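Asks: In the numbering used here, the protein residues as written are 1 to 339.
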Ligand SMILES: *Cc1c(COP(=O)(O)O)cnc(C)c1O
Ligand code: SF4
């Protein structure tokens, strides 16, 4: 049981609505330091924190170990000085997303599926984020603004799947999200709707009865890709939210980013896979880090990644081993990075 300093106690972390949790989220290093009893002289990436402020919700914070600067959850959200360094091969748009844009906020890189950037908001600021430099001001985030994207999807019957991404699509309030989903579900050639979201983990309260009820009415297959990087991200509240999603028929998948100092050991990755299975989630992808400015300290070499996947394969059933992939600009799919 984690003991937190007032007022960020574990009781508060488990209470409130998800919107309250968004409001209560920690937004500065000082408060973060106090609530986790971190050293006074903790070094911070000053430029990084200005460009991409701290944002961490209490339910996630409550799963961190106070006083431990090596905590694998803390490392995902703490802006360290290394972020201010920027090696040559790291850039702002290595994935060339600008050239994959069909209409503002609608990306297509792969056949049969499109990705809709629904919002710039997230329920956490992950320091390794590949969209931390994305120009969200350009992205639509209301029904009127989504209309061009929806028309484009409706006019192309080779599109079978809509991926809701962001930012995090589950930061949209139920009324907005449901009205968007209704529009998408009404397009006859759409047979699958996929969410990529960290909210079931960050703020499990987000999986509201209204959302569940609505998802349960859809004819389309629903895929929920959660983004967990470590087994410690799970607790009973997360499990309950995932169970409810499963109950309305959603297929649960996980995507992990391979991160130095967080999950780059065989034990950690094996434990994560086992923890996912326990929550009915199948490991989907293990991503090689995208070379985004400010994230190079998280990089794990490809050779090391291959060793880690080999170790997972020796210790887990085949369905519990994620595919180790990298996203390369211009390719027709993610690229298998295993050999
Ligand atoms: C990663 C990605 C997808 C999804 O790829 P899958 O291999 O189907 O998971 C779709 N569109 C874009 C733009 C992507 O970056
Ligand atoms: S939730 Fe995803 S988009 Fe948001 S900060 Fe984290 S990695 Fe980036």
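C-beta: ideal position from N, C-alpha, C; glycine also. Quantities reported herein were computed from a predicted structural model and do not represent experimental measurements.
How many angstroms separate the CA atom of residue 1 from the CA atom of residue 38?
Replies: Note on residue 1: pLDDT 42, under 50, position unreliable in the model; the coordinate value appears next. Near 18 Å, if we compare the C-alpha coordinates of residue 38 and residue 1.
Asks: Ignore the nearest five residues each way along the sequence and tell me which others in residue 53's own chain have a CB closer than 8 Å to its CB.
Replies: Same-chain partners within the cutoff: 27, 28 and 125.
Asks: Count the other C-beta atoms from every protein chain shown that fall within 10 angstroms of the C-beta of residue 3, then say buried if there are 16 or more, exposed otherwise.
Replies: Reliability fails at residue 3, whose pLDDT of 47 lies under 50, so the model's placement of it is uncertain and no value is given.
Asks: Once DSSP output is grouped into helix, strand and coil, what is the label at residue 307?
Replies: Residue 307: helix per DSSP, three-state reduction.
Asks: Are residue 253 and residue 226 touching if we call contact CB-CB under 9 Å?
Replies: Cβ distance < 9 Å, so residue 253 and residue 226 count as in contact.
Asks: Check for me: the beta strand (DSSP E) holding residue 326 runs from which residue to which?
Replies: Counting along the chain, the beta strand (DSSP E) containing residue 326 begins and ends at 323-326.
Asks: Are the stretch 300-320 and the stretch 259-273 in contact at 8 Å, needing three or more beta carbon pairs?
Replies: Touching, yes.
Asks: Tell me which same chain residues have a C-beta within less than 8 Å of the C-beta of residue 111, skipping the five on either side of it?
Replies: Around residue 111: 158 and 332.
Asks: Only counting the same chain, and skipping five residues up and downstream in sequence, which positions put a Cβ closer than 8 Å to that of residue 336?
Replies: Hits under 8 Å: 323, 324 and 325.
Asks: Go ahead and pull the three-state DSSP assignment for residue 254.
Replies: Strand at residue 254.
Asks: Run the CB neighbour count on residue 173, radius 10 Å, all protein chains shown included, and call it buried at 16 or more, exposed below.
Replies: It is exposed - the Cβ of residue 173 has fewer than 16 other Cβ atoms within 10 Å.
Asks: Does the distance from the CB of residue 194 to the CB of residue 223 come in under 9 Å?
Replies: Taking 9 Å as the Cβ cut-off, residue 194 and residue 223 qualify as a contacting pair.
Asks: Taking 6 Å as the limit between beta carbons, can you name the residues of its chain near residue 20, skipping five residues before and five after?
Replies: Within the same chain, residue 20 has no close Cβ partners at all.
Asks: Check each candidate in 181, 92 and 70 and name the one with the smallest Cα separation from residue 147.
Replies: Selected option, being the one with the closest Cα: 181.
Asks: Assuming residue 264 and residue 304 form a contact by the criterion Cβ under 8 Å, report the distance between their Cβ atoms to the nearest whole angstrom.
Replies: With 8 Å as the limit, residue 264 and residue 304 qualify as a contact, their Cβ atoms being about 7 Å apart.
Asks: Looking at residue 132 and ligand 2, is the gap between the Cβ and the nearest heavy atom below 8 Å?
Replies: Yes, Cβ of residue 132 sits closer than 8 Å to a heavy atom of ligand 2.
Asks: Could you tell me the alpha carbon to alpha carbon distance between residue 81 and residue 47, rounded to whole angstroms?
Replies: Rounded to the nearest angstrom, the two C-alpha atoms are 8 Å apart.
Asks: Would you check if there are 3 or more beta carbon pairs closer than 8 Å linking the stretch 238-256 to the stretch 282-293?
Replies: The stretch 238-256 is in contact with the stretch 282-293.
Asks: Around the C-beta of residue 7, are 16 or more other C-beta atoms found within 10 angstroms, so that it is buried, or is it exposed?
Replies: Residue confidence for residue 7 is low, a pLDDT of 47 falling below 50, so the modelled location carries little weight and cannot support an answer.
Asks: List the residues that DSSP assigns as beta-bridge partners of residue 226.
Replies: For residue 226, which the question treats as bridged, DSSP gives the partners 197 and 254.
Asks: Using only the alpha-carbon positions, how far apart do residue 334 and residue 307 sit?
Replies: About 20 Å.
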